[in-house]
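In numbering that gives the first Met the number 0, the protein residues as written are 0 to 241. Ideal Cβ placement from N, Cα and C applies to all residues, glycine included. Please read these numbers as outputs of a predicted model, since none were measured by experiment. Take a look at the structure set out below.
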Amino acid sequence: MKKLVLEKQKELEEINKSTHIHVDTQTARHILITSLEFGDVDISGLFSNMEDQILKAKELALSRKGILDKVEKLKHASVEESWLHEYEKKKNTIFVPIYLNVYDLHPINGSINWLDLSLYHFGIQAVHGIEYEFGGHDSPSTGIFKGEPRECPGLTLRKLILIGRTDLGPHEVHKFMEELSKSYTGTSYNLITKNCNHFYNDVSLRLTGKRIPRWLNRLAKIGEQLLLDALTKSNLNFGKIL
């Protein structure tokens with residue numbers, strides 16, 4: 000009989016839950032179990048009383064069915080409207096391609112032909128007609144440079160590599176670059192620990208969610224030091240400082 004009483008209690012709880020009737024089920028169950036354990040209750044009377052409660056709960060559930068159905072429809076309509084809003088938002092979003100511009104270090108290659116290497120320099124063409132690069136100098140100001148895309152002074156463009164796409168606009172990209180410039184200063188540049196590859200990866204991750212290919216890291220690490228030396232000797236500039 001005790002088992003039947005507990006099953007009836009569970010049935011009552013499920014009905015109340017389905018009809019959104021708030022009842023302190025934990026307290027009610029605790030009182031019921033305590034009474035059953037100490038045997039100070041008429042189990043048959045309790046069983047009959049619970050059946051009456053279940054009958055009343057079912058009647059209440061039936062009377063509230065129309066209201067609950069409307070609530071569920073409104074809930075589903077709200078979810079659908081939210082989904083449609085997100086869909087329209089994504090559909091109308093303009094995704095701009097992000098390229099890594101690959102330059103042939105041909106002027107420099109002439110002095111290292113004995114190595115039998117082809118060296119390259121890279122620039123990340125972020126968005127909206129601007130190319131960004133990172134290089135070292137003796138000033139604590141930013142080491143991030145920007146300029147016209149695919150026009151690095153004295154170098155020949157070899158190819159464009161599509162990294163991914165971004166939905167950030169010009170203002171958002173510029174704001175991100177300003178934040179990034181605080182950590183990428185001219186004096187922070189290091190060929191091993193903080194070079195242009197680290198910069199390209201940070202930019203690419205933020206704009207596209209992807210890293211630049213690993214094979215590019217190996218090529219750029221060799222080429223960028225030679226480029227910096229060449230630019231220093233020839234007094235060339237990457238472009239306008241950010």
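Whole-angstrom C-beta distance between residue j and residue i, which should lie under 8 Å
{"i": "L128", "j": "Y188", "result": "Going by the sequence as given, residue 128 is Gly instead of Leu. So it is not a contact: roughly 26 Å between Cβ atoms."}
C-beta contact flag for residue i and residue j at 7 Å
{"i": "C151", "j": "G185", "result": "no"}
{"i": "L99", "j": "I162", "result": "yes"}
{"i": "T165", "j": "L190", "result": "no"}
{"i": "G146", "j": "E171", "result": "no"}
Cα-Cα separation between residue i and residue j, rounded to whole angstroms
{"i": "V101", "j": "R157", "result": "5 Å"}
{"i": "K209", "j": "S140", "result": "28 Å"}
{"i": "I53", "j": "K16", "result": "12 Å"}
{"i": "F175", "j": "C195", "result": "17 Å"}
{"i": "L159", "j": "E178", "result": "26 Å"}
{"i": "N108", "j": "P169", "result": "Bear in mind that the predicted position of N108 carries a pLDDT of just 43, short of 50, making it unreliable; the figure below should be weighed with that in mind. Distance between the alpha carbons of N108 and P169 is about 36 Å."}
{"i": "D115", "j": "D103", "result": "Any reading at D115 must be qualified, since the residue scores a pLDDT of 39, below 50, and its modelled position is unreliable; the value itself is stated next. Distance between the alpha carbons of D115 and D103 is about 14 Å."}
{"i": "F144", "j": "I93", "result": "26 Å"}
{"i": "K72", "j": "L167", "result": "36 Å"}
{"i": "P148", "j": "L154", "result": "12 Å"}
{"i": "P212", "j": "K9", "result": "59 Å"}
{"i": "A60", "j": "D51", "result": "14 Å"}
{"i": "K193", "j": "H173", "result": "21 Å"}
{"i": "S43", "j": "E58", "result": "23 Å"}
Three-way DSSP call (helix, strand, coil) for residue i in this model
{"i": "I191", "result": "coil"}
{"i": "R149", "result": "coil"}
{"i": "Y183", "result": "coil"}
{"i": "I143", "result": "strand"}
{"i": "G44", "result": "helix"}
{"i": "P169", "result": "helix"}
{"i": "F133", "result": "strand"}
{"i": "L59", "result": "helix"}
{"i": "K209", "result": "coil"}
{"i": "I123", "result": "strand"}
{"i": "L11", "result": "helix"}
{"i": "L154", "result": "coil"}
{"i": "I53", "result": "helix"}
Neighbourhood of residue i by C-beta, 7 Å cutoff - its chain only, sequence neighbours within 5 removed
{"i": "F198", "result": "F133 and Y183"}
{"i": "N200", "result": "R210 and I211"}
{"i": "W214", "result": "none"}
Contact set for residue i: own chain, Cβ-Cβ below 8 Å, skip 5 residues either direction
{"i": "D137", "result": "G185 and T186"}
Residues near residue i in its chain [Cβ-Cβ closer than 6 Å; skip 5 each side]
{"i": "K7", "result": "M49"}
{"i": "V202", "result": "I123"}
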